[in-house]
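Below is one structure; the comments refer to it alone.
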Amino acid sequence: MSVAATLPTWNPLSMWYSDGWTVTKRNLIKIKRSPDMLVFAVIQPIMFVLLFSQVYAGAISVQGTDYVQFLMAGIFAQTVVFGSTFSGSAMAQDLKEGIIDRFRSLPMSSSAVLIGRTNSDLVLNTISMVIMMGTGLAVGWRVNSSAPEFLAGIGLLLLFSYAFSWVMALLGMSVKSPEVINNASFLILFPLTFVSNAFVPSDTLPTPLRIFAEWNPVSSLVQAARQLFGNEGTAPVPDIWTMQNPIATVLIGISVMLLVFVPLCIRKFASISSR
Numbered sequence: 125m126s127v128a129a130t131l132p133t134w135n136p137l138s139m140w141y142s143d144g145w146t147v148t149k150r151n152l153i154k155i156k157r158s159p160d161m162l163v164f165a166v167i168q169p170i171m172f173v174l175l176f177s178q179v180y181a182g183a184i185s186v187q188g189t190d191y192v193q194f195l196m197a198g199i200f201a202q203t204v205v206f207g208s209t210f211s212g213s214a215m216a217q218d219l220k221e222g223i224i225d226r227f228r229s230l231p232m233s234s235s236a237v238l239i240g241r242t243n244s245d246l247v248l249n250t251i252s253m254v255i256m257m258g259t260g261l262a263v264g265w266r267v268n269s270s271a272p273e274f275l276a277g278i279g280l281l282l283l284f285s286y287a288f289s290w291v292m293a294l295l296g297m298s299v300k301s302p303e304v305i306n307n308a309s310f311l312i313l314f315p316l317t318f319v320s321n322a323f324v325p326s327d328t329l330p331t332p333l334r335i336f337a338e339w340n341p342v343s344s345l346v347q348a349a350r351q352l353f354g355n356e357g358t359a360p361v362p363d364i365w366t367m368q369n370p371i372a373t374v375l376i377g378i379s380v381m382l383l384v385f386v387p388l389c390i391r392k393f394a395s396i397s398s399r
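Quick look at the structure:
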């Protein structure tokens with residue numbers, strides 16, 4: 125029997141899966157060895173929960189619901205969106221250190237690095253979500269829906285974070301240095317999270333900001349989470365399609381992000397060189 129006959133055969137799909145899983149494990153090991161990464165990923169959302177629920181709650185009134193119930197879906201959305209920035213910063217750092225060039229020199233799928241990066245961020249966001257839900261329960265947040273709706277809400281938040289990770293990964297490969305990524309991502313994250321219905325009802329905003337907030341995909345994500353977690357109460361919902369159909373809007377947004385940014389990321393990864 126020849127040596128070649130005893131070697132395992134790998135089809136392209138199994139090789140792609142193996143490569144992606146290997147890079148995912150590599151990124152998860154980095155988190156395990158640097159637990160401060162996880163700590164700082166959840167400190168900011170916890171601070172926002174405590175700030176808005178304990179300091180500002182008495183000054184913010186939401187018609188038809190308790191403010192803590194209104195707030196938590198916004199905090200969850202903010203957490204997963206901010207957590208997606210790890211893809212961008214990690215890609216920028218790996219490019220600077222030359223690790224990406226090492227990966228490109230190996231006989232592996234060009235998308236495996238990107239798959240591994242976004243998968244590991246999904247795990248990090250899942251851990252953050254668990255911690256944030258524990259914090260929410262501690263300040264009085266409750267789920268008022270069925271178990272399937274609750275799980276669907278978590279799944280929708282994490283799926284959005286996964287799709288948004290590809291946006292940030294493209295940004296991380298496009299900036300000149302890792303030091304730039306924080307400022308660049310802030311220009312995207314600030315209007316998406318704060319000019320939305322995450323912390324205050326959108327109808328309280330000035331007209332230009334209200335229109336932006338009502339069509340903001342993060343607002344749809346927040347509204348969908350409130351709906352699936354049973355935290356809407358009797359608060360009025362803006363009479364526009366995105367707010368009246370938030371789950372469908374989020375699913376469309378996720379599909380668009382994946383269809384557009386996954387190919388763009390793979391193309392960008394194939395063309396970049398060492399910095």
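The sequence shown begins at 125 in my numbering and counts up one residue at a time. Glycine residues also receive a C-beta, built at the ideal position from the N, C-alpha and C atoms. All values derive from a computational prediction rather than experimental measurement.
Item to check | Where Gln202 falls, given that 16 or more other Cβ within 10 Å makes a residue buried | outcome: With 16 or more other Cβ atoms within 10 Å, it is buried.
Next on the checklist: Any contact between the region 143-152 and the region 237-244? By contact I mean 3 or more CB pairs, one from each, below 8 Å.
Outcome noted: Touching, yes.
Checklist entry - Are the beta-carbon atoms belonging to Leu295 and Ser309 less than 8 Å from one another? => result The criterion of a C-beta distance shorter than 8 Å is satisfied by Leu295 and Ser309.
Checklist entry - What residue from Asn307, Gly354 and Lys392 has the CA that sits closest to Ser270's CA? => result Out of Asn307, Gly354 and Lys392, Gly354 has the C-alpha closest to the C-alpha of Ser270.
Checklist entry - For Gly264, does the count of other Cβ atoms within 10 angstroms reach 16, so buried, or fall short, so exposed? => result Exposed, by the Cβ-count rule.
Item to check | Spatial neighbours of Gly357 in its chain, beta-carbon cut-off 7 Å, leaving aside the 5 residues before and after | outcome: Here the set comprises Gly188, Thr189 and Gln193.
Item to check | alpha helix (DSSP H) segments (min. 4 residues) lying fully within the region 336-365 | outcome: For the region 336-365, whole alpha helix (DSSP H) runs of length 4 or above, ordered along the chain, are 341-353.
Checklist entry - Which full runs of the beta strand (DSSP E) of 3+ residues lie inside the region 164-206, going along the chain? => result Runs found: none.
Checklist entry - Among Ile378, Pro360 and Ile167, which has the Cα closest to the Cα of Gly279? => result Nearest option by C-alpha distance: Ile378.
Item to check | Distance between Phe274 and Met297 (C-alpha atoms, nearest Å) | outcome: Approximately 35 Å between the Cα atoms of the pair.
Item to check | Host alpha helix (DSSP H) of Phe323 (start-end) | outcome: Premise fails: Phe323 is in no alpha helix (DSSP H) and is neither H nor E.
Checklist entry - Any contact of the region 328-343 with the region 166-181, i.e. 3+ C-beta pairs under 8 Å? => result The region 328-343, when compared against the region 166-181, does not touch it at the 8 Å Cβ threshold.
Checklist entry - What is the C-beta distance between Ala359 and Val342, in whole angstroms, given that I count them as a contact (C-beta under 8 Å)? => result That pair is no contact at about 18 Å.
Checklist entry - Taking just the CA atoms, how far does Phe206 sit from Ser398? => result Any reading at Ser398 must be qualified, since the residue scores a pLDDT of 46, below 50, and its modelled position is unreliable; the value itself is stated next. Straight-line Cα distance between these residues: approximately 27 Å.
Checklist entry - On the premise that Ser344 lies in contact with Pro370, defined as a C-beta separation below 8 Å, what is that separation, rounded to the nearest angstrom? => result That belief holds up - the Cβ atoms of Pro370 and Ser344 are roughly 4 Å apart, short of 8 Å.
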